[in-house]
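Below is one structure; the comments refer to it alone.
Protein chains in written order, with this note's numbering: chain W, 1 to 420; chain D, 1 to 482.
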């Protein structure tokens, strides 16, 4: 088994330009309702980050080590350096460490892990429905030490619930992750799923044609991550920006006219948001995680910067893109009956985003079609849009939702869309 | 726009042989040694597991101990350099089922007497007594491998990766890499009356080429995978040439009209669809969904009569194969579709697989195979598109909608390719598309999959020919290729 002190000793005894050692220990419990299985696991893993300066630049390597290893700690360090030397790029130097972010990541109410997971699995199903639930609860401890003397340790908790909701001969799956059990919002999510299943039973096929598109939270955040907002997280990656392969350019509007809108789009990355799933005091190289704007009033202004990307730009690292905080708008969320046709999407079947171009295909799982004051559930159909332009000009609700790594408007409205 | 090579590679998720290892998920630490340095005596491990099961069996009606020692060795080479990574993961679990049917698993990464003692204490407390149990016959010795990865040093691994840089070259190819990836797992499963041990050495050789096409880099890759000795198979020069041709293919800048077309799914695209369909629909887990159970009731028509789909982990040399699953059930084939009719589903008996052999059990396919047809691939289509180079497939289990993405759609008219090739396309349909399959070709190919769940790998393989069908074909981008 790997010993932390021996690993640290080997790193301290090396002549590497920079190094960081990250230790993660996780105690997790999974309770699976359908198979009546309870699983408890202890896991420990190290990440060794090394930078080695050579005459033609700097080589870097990230190496993950499980508890078991065929090699000695000194051997691991030597070989990490050899890997770094196979990946030498332009020279850069690390910035001095700065104070880690102050962020709360522990559910103060978490006691026994088995009890907590069991309580999630025992969540009452909505009326007339059956729910098969699986819960994972973990208690983590992360410790980082770097050559520059930075040392930080923090605990965190993590909850993940997966549910299949069944009504009659239809079903829906959902997954929620959170730092606190109370943030899972399972009661509301299960109730929404049950309501949508009732809607699906009445849904008819969609018809092609122009419409106004409304994305409600479950559709907007399809897939469990940033959902449709993922396009901005991808564009704001410092390395991707430097390659110039995307249409995101610092200092320019994200779409023509995006800066001139009354309710122009603003998005912030906040890795120091208390209890958010992608929050942390610092990154894997000991760099402090910071809150920074990505888009301000329709203009691209910020990038997620690793220590390397920051050094190449002579800026401070910020821990990369973490939780996305989208500024809410002024829309009430109500559907204007005067609009000729509104497709209010409640669930997607599939969401495909081209991370270079920002084009997206949204496959509709369930929607409400509003025409002339009448509403009917529909299923099927595809929306193909330029997601960047669409979200830049979208109306956003004043009401917000907080789910996983997203905090922002609960719904968006996009004009001039064609359903195919 | 100018990019240096590093930036180009980073845009593709790779920046040198070293970070190529990283991008492949091979994150374990490298060593300079050969892989046999800390191999545990298998008889000793079985002795530990016997003792642990004996201590727990007096308290629980069902008990099983499961242990794994898994090594991954990866050699990668590209124009910038070469690197070798070796890593090891150990683990052991004890699973018990009480009289009420509740299952409990305790897992640790400490595969030692101390680790097992800790697990036993967690399950039955400190005063467990060893009972006398019969574990049945001893497992047979592992099959001899012609070239055992444990006997290869870094230089020998690198030499094999270098072979993957061969084949056709062109000044337009801006990046070429080769990767040899070896997962060497020894798995023990011990329960009263059952004493099992298997060693599975999964080998993959992958070649990647990238060429510029307009303003975009176009990657192309090809791989071959099997279970067995390191040199049992090779990526033929003809396959390396095909990888290069895939990258060099000049895309048609104009767009085609979205609509319903006859299509041929070449084997990698067909495999991507079959894997997604099986995993999403043909398991006991999927069958908990009433719409799936209804749609795929036993004996119902699921596909065209030409389709017979079998999951067979016992096929010799199959990358996804095994002798027993991670619940200790012996390998046996399961026919899922028999001449178009639903014949079975994958269940936790015999297909209880754990990511990395130690993660939470999931019901999953192992080695899927579709029987070959009688037509040459070129005879499958007159007018329509041949979809090449899989980019993933998704199934909505609720509606049965299928979306199959491919890197290229090659247009055919009057039984001949027109020379027009469109980039980044997808085929949309529902499960009826399987029933509407019009023909199956003779060109059997085996496609391997290796992905991970929470950092632990899963292995699957699919043997399939090209398949002809119909569906909606459309470009993934709003604008044509530029």
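Think of the CB as a built atom: it goes at the ideal place given N, C-alpha and C, for glycine as much as any other residue.
When you compare the CB of residue i with every CB in chain D, is at least one pair closer than 9 Å?
i	result
residue 311 of chain W	no
residue 135 of chain W	no
residue 6 of chain W	no
residue 86 of chain W	yes
residue 363 of chain W	yes
residue 296 of chain W	no
residue 172 of chain W	yes
residue 69 of chain W	yes
residue 367 of chain W	no
residue 112 of chain W	no
residue 200 of chain W	yes
residue 340 of chain W	no
Would residue i pass as an interface residue toward chain W - the criterion being a Cβ-Cβ separation below 9 Å?
i	result
residue 102 of chain D	yes
residue 471 of chain D	no
residue 290 of chain D	yes
residue 398 of chain D	yes
residue 361 of chain D	yes
residue 169 of chain D	no
residue 69 of chain D	yes
residue 403 of chain D	yes
residue 29 of chain D	Annotation note: pLDDT 40 at residue 29 of chain D (below 50); position unreliable, coordinate value reported separately. It does; some Cβ of chain W falls within 9 Å.
residue 394 of chain D	yes
residue 260 of chain D	no
residue 108 of chain D	yes
residue 428 of chain D	yes
residue 477 of chain D	yes
residue 33 of chain D	Because the pLDDT at residue 33 of chain D is just 40, under 50, the model does not fix this residue reliably, and the value given afterwards should be weighed accordingly. Chain W, which has a Cβ nearer than 9 Å to the Cβ of residue 33 of chain D, makes this yes.
Classify residue i: buried if its beta carbon has 16 or more other beta carbons within 10 angstroms, exposed otherwise.
i	result
residue 360 of chain D	buried
residue 310 of chain D	buried
residue 424 of chain D	buried
residue 96 of chain W	exposed
residue 330 of chain D	exposed
residue 175 of chain W	exposed
residue 6 of chain W	exposed
residue 53 of chain D	buried
residue 253 of chain D	exposed
residue 137 of chain D	exposed
residue 18 of chain W	buried
residue 149 of chain W	exposed
residue 318 of chain W	buried
residue 195 of chain D	buried
residue 266 of chain D	buried
residue 350 of chain W	buried
The beta strand (DSSP E) spanning residue i covers which residue range?
i	result
residue 155 of chain W	151-167
residue 213 of chain D	194-213
residue 56 of chain D	Careful: residue 56 of chain D lies outside any beta strand (DSSP E), inside the alpha helix (DSSP H) at 42-57.
residue 371 of chain W	359-371
residue 78 of chain W	Not the beta strand (DSSP E): residue 78 of chain W falls in the alpha helix (DSSP H), residues 73-85.
DSSP puts residue i in a beta bridge; with which residues?
i	result
residue 177 of chain W	W:160
residue 327 of chain W	Answer by DSSP bridge pairing: none, since residue 327 of chain W is not bridged.
residue 99 of chain D	In the DSSP output, where bridge partners are listed per residue, residue 99 of chain D has none listed.
residue 268 of chain W	W:293, W:325
residue 375 of chain W	W:370
residue 66 of chain D	D:93, D:189
residue 65 of chain W	W:46
residue 222 of chain W	DSSP output for residue 222 of chain W lists no bridge partner at all.
Can you determine whether any heavy atom of the ligand ATP sits closer than 8 Å to the C-beta of residue i, and answer yes or no?
i	result
residue 340 of chain W	Because no ligand of any kind appears in the structure shown, any question about the ligand ATP cannot be addressed here.
Residue range of the alpha helix (DSSP H) that residue i falls in?
i	result
residue 45 of chain W	Where residue 45 of chain W is concerned, there is no enclosing alpha helix (DSSP H), although the beta strand (DSSP E) it sits in stretches over 37-54.
residue 156 of chain D	154-162
residue 119 of chain D	113-124
Using the beta-carbon of each residue, which ones in chain C are nearer than 8 Å to residue i?
i	result
residue 90 of chain D	This model lacks chain C altogether, as its protein chains are W and D.
Meets three-Cβ-pair contact criterion under 8 Å: the region 308-319 of chain W and the region 382-394 of chain W: no
The region 438-445 of chain D contacting the region 371-388 of chain D, beta-carbon criterion three pairs below 8 Å: yes
Segment contact flag, the region 111-119 of chain D with the region 81-95 of chain D, C-beta cutoff 8 Å, min 3 pairs: yes
Three CB pairs or more closer than 8 Å across the region 397-407 of chain W and the region 164-183 of chain W: yes
Cβ pair count under 8 Å reaching 3, the region 209-224 of chain D against the region 254-263 of chain D: no
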